[in-house]
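The structure appears below as C-alpha cells.
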Amino acid sequence: MEMRFIETTFVNGERQTEEKRLPFVPDKGEENQLINLYPQMQYQELEGFGGALTDSTGYIFGQMGVEQQEYMLNQYFGEDDMGYRIVRIPIDSCDFSLEHYEALTDPKDTELERLDFTRMKKYIVPLLEEVQKYTKERLQIMLSPWSPPAFMKTNGDRNHGGKLKDAYKELWARYICRYIQEFRDMGYLVNRLSIQNEPKAVQTWDSCIYSGKEEKEFIRDYMWPALVKYGLADVEIFIWDHNKERVFERVLEIIDEGTDPMIAGIAFHWYSGDHFEALQMIQEKFPDKKLILSEACIEYSKYSQDDYLANAQKYAHDMIGNLNHGMSAFYDWNVVLDQQGGPNHVGNYCDAPFLFDVNTKELIERNTAAYIWHFSHFIKSGAKRIGHSRYTDKLEVTAFLNPDQTVTVVILNRTDNCIPAYVRIGDESAFVSIQANSIATGVLLSKRFSINYQHLFLSAASAISFVW
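Written out as C-alpha cells, the structure is:
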C-alpha cells in the first residue's frame with residue numbers, strides 16, 4: 089500500500105504543486121507524533137462545496153473572454169477540479185449588486201401580478217446557465233433575501249436594517265415562493281432557502297432585522313404555510329444565516345416542538361471568529377439539523393488584500409474547524425469579482441478565489457482557490473466524517489470516508505517549522521515531511537479502508553489531504 093501525495097506551496101506568490109509516492113509499512117507501535125484515523129467512527133454526511141452567484145459576479149463574468157470563462161468555470165465546477173455542486177443566489181439585490189433592484193415596487197399589487205424578474209435575470213441567470221453546463225447533475229441552489237422590497241419595511245429603505253411590517257408578512261412569504269417558482273420554471277433546482285441574510289446586522293447596504301421571536305413567527309405563521317400552499321414544501325428552510333458567536337442561542341429561541349418539522353438546518357457565517365464549539369452544541373442538542381456555512385470571504389475592511397497565504401490559511405482553518413463540529417455544506421461568497429473586489433454598490437469590497445482585472449483583462453487566481461481545492465476535490469458529496477486523533481495542536485485535522493470507500497484526510501499546519509507525523513490507520517502507517525507553508529493531498533489505494541491506518545509527517549503552515 090502506498091500514498092499518492094500532492095503538495096502545493098506558494099513561493100513569492102507563485103503556486104507550485106508537486107506529487108510523490110509514499111509507502112505504508114506495518115505499524116511498529118510508535119507512540120509519538122501520531123495522527124490516527126478511525127473510519128469505524130462516523131459522523132455527519134457532507135453534501136458538497138460551492139459559492140455564490142451574485143449580480144456582481146454575473147456582471148464580471150460577462151466582461152471576461154470566452155476562454156477565461158471556460159477556464160474559471162471548469163476550475164470551479166469541473167469534476168476533475170474543485171467539483172462545486174451547490175450555489176447560493178440572493179433574492180433581489182444585495183451589497184454585491186451593481187445597484188438596488190427588486191421584483192415588486194407597487195404596494196397595491198397584493199396578488200403579485202406584476203412581479204418583474206427582468207433585472208435578476210440580467211446577469212445572474214446567464215452565469216447560472218453556463219455553470220449548469222459543467223455539472224452532470226442538476227446544480228442545487230440556495231436562495232437568500234437581503235431585504236424585502238422597500239415599501240414592505242418599517243424604514244421604507246432596502247438599506248440600514250429596518251423590519252418587515254406586519255401587514256406585509258404574508259405577501260413577503262408569497263413573494264419568496266414566487267421567486268423559487270421562477271427559478272424552477274426555468275428548469276433550475278432550488279432546494280433550500282434561508283429566511284434572512286444576517287438578520288442581526290443593520291448594514292449600509294440591503295438588510296433587514298429579525299429577532300429570534302420574529303424569525304420563528306415568520307417561519308411558523310407565514311413562510312412554511314406559503315411553501316405548503318405553493319407546493320414547495322420540499323424546499324429546506326435554514327435559520328439564522330449569520331455569524332457563529334450567537335448561533336446557539338438563536339437556535340434555542342426558534343426551534344421548538346411546533347417549528348422543528350419546518351426547519352432543516354442552521355446557516356452560519358464566519359466573520360465573528362471560530363466559535364466551533366457553538367456548532368458542536370447545536371449538533372448535540374439537535375442532531376437531525378444540518379449545519380451549513382452559507383457565506384465566507386476575506387473582507388478588505390478587516391484583512392489585507394496582499395496577505396495571500398494568511399488569507400488562504402484562514403479558509404483552511406475555518407473549514408477544518410467547521411467540518412469537525414458538524415458542517416455538512418460549504419458555500420463560499422462571490423465566485424469572481426473585479427480587481428478591486430467589487431463591484432459593490434456601497435464599496436464593501438472583498439476577495440474572491442478568482443479576480444478579473446477589467447482594465448488589463450487578466451484573470452487572477454488567488455491562493456484561496458488552491459486551499460479550497462484541497463477539500464472540495466477530494467471530499468465527495470455523500471462522504472461521512474470519520475474519527476481522528478492528533479498529537480499536537482500545531483496540526484489541524486479532518487477526515488472523511490467517501491462513498492467509493494476512499495478516505496480523505498486534510499491536515500493543516502500553520503507554523504513556520506516542519507512538523508513530523510506518522511499517519512496511522514489500522515495496522516499500517518506512513519511517514520511524510522511537508523514543506524513549510526503548504527497544503528497537500530495524499531491518496532492511498534487500499535482494498536478495505538477498515539484494515540488500514542496512517543502515520544504522517546508534516547511541515548510548516550501546511551494542510552494535507554489523504555485519500556484512501
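Each residue of the sequence shown is one higher than the one before, counting from 89 in this note's numbering.
Every residue, glycine too, gets a C-beta built ideally from N, C-alpha and C.
*Excluding five sequence neighbours on each side, which residues of the same chain lie with their C-beta closer than 6 Å to the C-beta of Ser181?*
Reading the sequence shown from its first residue, position 93 is the one you call residue 181. Closer than 6 Å at the Cβ level, and outside the excluded window around Ser181, lie His188, Tyr189, Asp294.
*Can you tell me whether DSSP reads Val423 as helix, strand or coil?*
Against the sequence shown, residue 423 aligns to sequence position 335. In the structure shown, Val423 sits in coil (DSSP, three-state: anything other than H, G, I, E or B).
*Measure the C-alpha to C-alpha separation of Arg103 and Thr96 and round it to an integer number of angstroms.*
Counting from 1 along the sequence shown, the entry for residue 103 is found at position 15. Counting from 1 along the sequence shown, the entry for residue 96 is found at position 8. The alpha-carbon atoms of Arg103 and Thr96 are separated by roughly 7 Å.
*Which two residues bound the contiguous beta strand (DSSP E) that contains Ile94?*
The residue labelled residue 94 in the question sits at position 6 within the sequence shown. Ile94 -> beta strand (DSSP E) spans 90-99.
*Alpha-carbon to alpha-carbon, Glu158 and Thr223*: Numbered from its first residue, the sequence shown carries residue 223 at position 135. Numbered from its first residue, the sequence shown carries residue 158 at position 70. Cα to Cα, Thr223 sits roughly 13 Å from Glu158.
*Which residues does DSSP pair with Ser232 in a beta bridge?*
Residue 232 sits at position 144 when you count from the first residue of the sequence shown. In DSSP, Ser232 forms a bridge with Pro178.
*For the stretch 396-405 and the stretch 512-522, state whether three or more C-beta atom pairs, one from each stretch, are separated by less than 8 Å.*
no
_Which residue wins for smallest C-alpha separation from Thr193, given the options Arg173, Pro178, Ser235, Ile174?_
Translated into the one-based positions of the sequence shown, residue 193 becomes position 105. Among Arg173, Pro178, Ser235, Ile174, the Cα nearest to that of Thr193 belongs to Ser235.
*Looking at C-alpha atoms only, which residue of Asn447, Thr198, Ala384 is the closest neighbour of Asp420?*
As a working mapping, residue 420 is identified with position 332 in the sequence shown. Comparing Cα-Cα distances from Asp420 to each of Asn447, Thr198, Ala384, the minimum goes to Ala384.
*Same chain only: Cβ atoms within 8 Å of Asp322, ignoring 5 sequence neighbours per side*: As a working mapping, residue 322 is identified with position 234 in the sequence shown. The residues are Asn279.
*Taking DSSP as the reference, what is the three-state secondary structure of Arg103?*
In the sequence shown, the residue the question calls residue 103 occupies position 15. Three-state DSSP puts Arg103 in a strand.
_According to DSSP, residues forming a beta bridge with Trp328_ = The residue given as residue 328 occupies position 240 in the sequence shown. Ala355.
*Rounded to a whole number of angstroms, what is the C-alpha to C-alpha distance between Trp260 and Arg502?*
Here residue 260 refers to the residue found at position 172 of the sequence shown. Here residue 502 refers to the residue found at position 414 of the sequence shown. Their Cα atoms are separated by approximately 46 Å.
_Contact set for Gly146: own chain, Cβ-Cβ below 7 Å, skip 5 residues either direction_ = Position 58 of the sequence shown, counted from the first residue, corresponds to residue 146. If we look at Gly146 and ignore the five residues flanking it on each side, its Cβ neighbours are Tyr211, Ile212, Pro214, Leu215.
*Cβ-based neighbour list, Phe112, same chain, cut-off 8 Å, excluding 5 preceding and 5 following*: By 1-based counting over the sequence shown, the position of residue 112 is 24. Counting only Cβ-Cβ distances below 8 Å, and skipping sequence neighbours, we find Met89, Glu90, Met91, Glu516, Ser517, Ala518, Leu532, Asn540, Gln542.
*What does DSSP give as the partner residues of Lys472 in its beta bridges?*
Position 384 of the sequence shown, counted from the first residue, corresponds to residue 472. According to DSSP, which records beta bridges pairwise, Lys472 is partnered with Glu133, Leu489.
*Output yes or no for whether 7 Å exceeds the beta carbon distance between Gln228 and Leu186.*
The residue you call residue 228 lines up with position 140 of the sequence shown. The residue you call residue 186 lines up with position 98 of the sequence shown. No. Outside cutoff.
_According to DSSP, residues forming a beta bridge with Ile452_ = Position 364 of the sequence shown holds residue 452. For Ile452, which the question treats as bridged, DSSP gives the partners Leu443.
_With H, G and I counted as helix, E and B as strand and the rest as coil, what does DSSP make of Ser185?_
The sequence position of residue 185 within the sequence shown is 97, counting from 1. In this structure, Ser185 counts as coil in the three-state DSSP scheme.
*Which of helix, strand or coil does DSSP assign to Ile283?*
Looking up residue 283 in the sequence shown gives position 195. In the structure shown, Ile283 sits in coil (DSSP, three-state: anything other than H, G, I, E or B).
_Span of the beta strand (DSSP E), counted from its first residue to its last, around Lys378_ = Along the sequence shown, read from residue 1 onward, the residue named residue 378 stands at position 290. 378-383 is the span of the beta strand (DSSP E), which, as asked, contains Lys378.
*Do you know whose CA, among Pro441, Lys116, Gln401, lies nearest Val498's CA?*
Numbered from its first residue, the sequence shown carries residue 498 at position 410. Comparing Cα-Cα distances from Val498 to each of Pro441, Lys116, Gln401, the minimum goes to Gln401.
*Give the DSSP-derived three-state secondary structure of Lys224 in the structure shown.*
Within the sequence shown, residue 224 is the residue found at index 136, counting from 1. In this structure, Lys224 counts as coil in the three-state DSSP scheme.
_Just to confirm my understanding: we take His357, look at its own chain, exclude 5 residues before and 5 after, and list those with CB closer than 8 Å. What are they?_
On the sequence shown, position 269 is the one that residue 357 refers to. Result list for His357: Glu286, Asp329, His330, Asn331, Lys332, Leu381, Ser382, Glu383, Ala384, in chain order.
*To which residues does DSSP link Glu387 through a beta bridge?*
Translated into the one-based positions of the sequence shown, residue 387 becomes position 299. The partner list for Glu387 (beta bridge, DSSP) reads Cys438.
_I'd like to know whether the C-beta atoms of Pro178 and Ser232 end up nearer to each other than 7 Å._
In the sequence shown, counting from the first residue as 1, residue 178 sits at position 90. In the sequence shown, counting from the first residue as 1, residue 232 sits at position 144. Taking 7 Å as the Cβ cut-off, Pro178 and Ser232 qualify as a contacting pair.
*asked:* Excluding the 5 residues flanking Ala417 on each side, which residues of the same chain have their C-beta closer than 8 Å to its C-beta?
replied: Mapped onto the sequence shown, residue 417 falls at position 329. Close CB contacts of Ala417 within its chain, under the 8 Å cut and outside five residues either way in sequence, are with Leu134, Glu135, Gly136, Phe137, Gly138, Ile174, Lys378, Ile380, Leu381 (chain order).
*Rounded separation between Lys535 and Asp348 - CA only*: Mapped onto the sequence shown, residue 535 falls at position 447. Mapped onto the sequence shown, residue 348 falls at position 260. Any reading at Lys535 must be qualified, since the residue scores a pLDDT of 46, below 50, and its modelled position is unreliable; the value itself is stated next. If I take the Cα positions, the gap works out to 42 Å.
*Taking Phe271 as the reference, give the member of Met208, Trp312, Val316, Leu252 with the closest Cα.*
Walking along the sequence shown from the start, residue 271 turns up at place 183. Phe271 has its Cα closest to that of Met208, out of Met208, Trp312, Val316, Leu252.
*How about Phe444 and Met170: are their beta carbons less than 7 Å apart?*
In the sequence shown, the residue the question calls residue 444 occupies position 356. In the sequence shown, the residue the question calls residue 170 occupies position 82. No; because the gap between Cβ atoms is not below 7 Å, this pair is not in contact.
_DSSP three-state label for Thr480, please._
On the sequence shown, position 392 is the one that residue 480 refers to. Coil at Thr480, not helix or strand.
*Return the bridge partner residues of Lys108 from the DSSP annotation.*
Your numbering for residue 108 matches position 20 in the sequence shown. For Lys108, which the question treats as bridged, DSSP gives the partners Phe93.
*Enumerated in chain order, which unbroken segments of the beta strand (DSSP E) with a length of 3 residues or greater are wholly contained in the stretch 114-175?*
122-133, 136-140
_Rounded to the nearest angstrom, what separates Leu203 and Gln428 at their Cα positions?_
Position 115 of the sequence shown, counted from the start, is the residue given in the question as residue 203. Position 340 of the sequence shown, counted from the start, is the residue given in the question as residue 428. When rounded, the distance between both Cα atoms is 33 Å.
*In the DSSP assignment, find the beta strand (DSSP E) that holds Phe519 and state where it starts and stops.*
On the sequence shown, position 431 is the one that residue 519 refers to. Residues 516-520.
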